[in-house]
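Here is the structure we will look at.
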Amino acid sequence: MLAIHGGTPVRAARPWPVWPQYDAATEAELLAALRSSRWSVSWYSPQGEMSRERRFAEAFARYNDAAYGVSVDHGSGALVIALEALGIGPGDEVIVPAMTWVAPATAVLRVGALPVLVDVDPATGCLTAAHLRAAVSPRTKAVIVVHLACTTAELDEIVTATRATGVALIEDCSQAHGTRWAGRAVGTFGEIGVFSLGAAK
Numbered sequence: 001m002l003a004i005h006g007g008t009p010v011r012a013a014r015p016w017p018v019w020p021q022y023d024a025a026t027e028a029e030l031l032a033a034l035r036s037s038r039w040s041v042s043w044y045s046p047q048g049e050m051s052r053e054r055r056f057a058e059a060f061a062r063y064n065d066a067a068y069g070v071s072v073d074h075g076s077g078a079l080v081i082a083l084e085a086l087g088i089g090p091g092d093e094v095i096v097p098a099m100t101w102v103a104p105a106t107a108v109l110r111v112g113a114l115p116v117l118v119d120v121d122p123a124t125g126c127l128t129a130a131h132l133r134a135a136v137s138p139r140t141k142a143v144i145v146v147h148l149a150c151t152t153a154e155l156d157e158i159v160t161a162t163r164a165t166g167v168a169l170i171e172d173c174s175q176a177h178g179t180r181w182a183g184r185a186v187g188t189f190g191e192i193g194v195f196s197l198g199a200a201k
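Residue numbers are given in full-length UniProt numbering: position 29 of the sequence shown equals residue 29, and the series is strictly consecutive.
Right, dumping it as structure tokens:
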């Protein structure tokens, strides 16, 4: 019998853990950042000290076996920056999965390009190389592949398809932190890998 109907609560002795979880070390780091008076200044201080933001970006890049990393305000903004870095704009098409958060499609719209919604594999929730190939047109400049819920898209086939068609590959790894494909970190297969550190990730 369920607890709401008079049954014994399963977690009565152990309440559900609070989120986010933190410890004394995390608290000390937050206080140090607060007391540093460097809340919005990146890179290096006048005294030559590297900012926490830059130290984080470099550590996160190392964690993902990437040559470098850049911190921005959020994952949606990172997608816009990725598209702009690839020169994508009005008149261009970008393939995006039909099942994901709105950010890939809205990022494409924000740069003035047209998102082309493509079906996903029902077993993984990820875009497939076959769906990608079928959607490529002369106006297609990029594809945003989303590794949904820590499920990796079929990267070997997708990389082959993007190289064969001349389409740039952007990996949205916002739900795939620490995920690897064939021993290699996701986010390092395409031209640009994007992560989000939102609290729900």
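Backbone N, C-alpha and C fix where the C-beta goes; we use that ideal spot for every residue, glycine too. Here the structure is a predicted model, which is why all the values come from computation and not from measurement.
Check: Per-residue burial, I158 [other beta carbons within 10 Å of its own, 16 or more giving buried]; Outcome: buried
Check: Burial state of A12, where buried means 16 or more other Cβ atoms lie within 10 Å; Outcome: exposed
Check: Contained alpha helix (DSSP H) runs [length at least 4] in the stretch 42-87, N- to C-terminal order; Outcome: 52-63 and 75-85
Check: Sequence-distant residues of its chain with Cβ nearer than 6 Å to D121 (five each side left out); Outcome: T128
Check: A33 beta carbon less than 8 Å from that of E55; Outcome: It should be noted that the sequence gives Arg, not Glu, for residue 55. Taking 8 Å as the Cβ cut-off, R55 and A33 do not qualify as a contacting pair.
Check: Rounded straight-line distance, which links the Cα of P17 to that of D23; Outcome: 13 Å
Check: Inter-stretch contact (C-beta, 8 Å, three-pair minimum) for the stretch 78-97 and the stretch 107-122; Outcome: yes
Check: DSSP bridge partner residues for T140 (one or two, in chain order); Outcome: E93
Check: Any 3 or more C-beta pairs closer than 8 Å across the stretch 128-142 and the stretch 90-100; Outcome: yes
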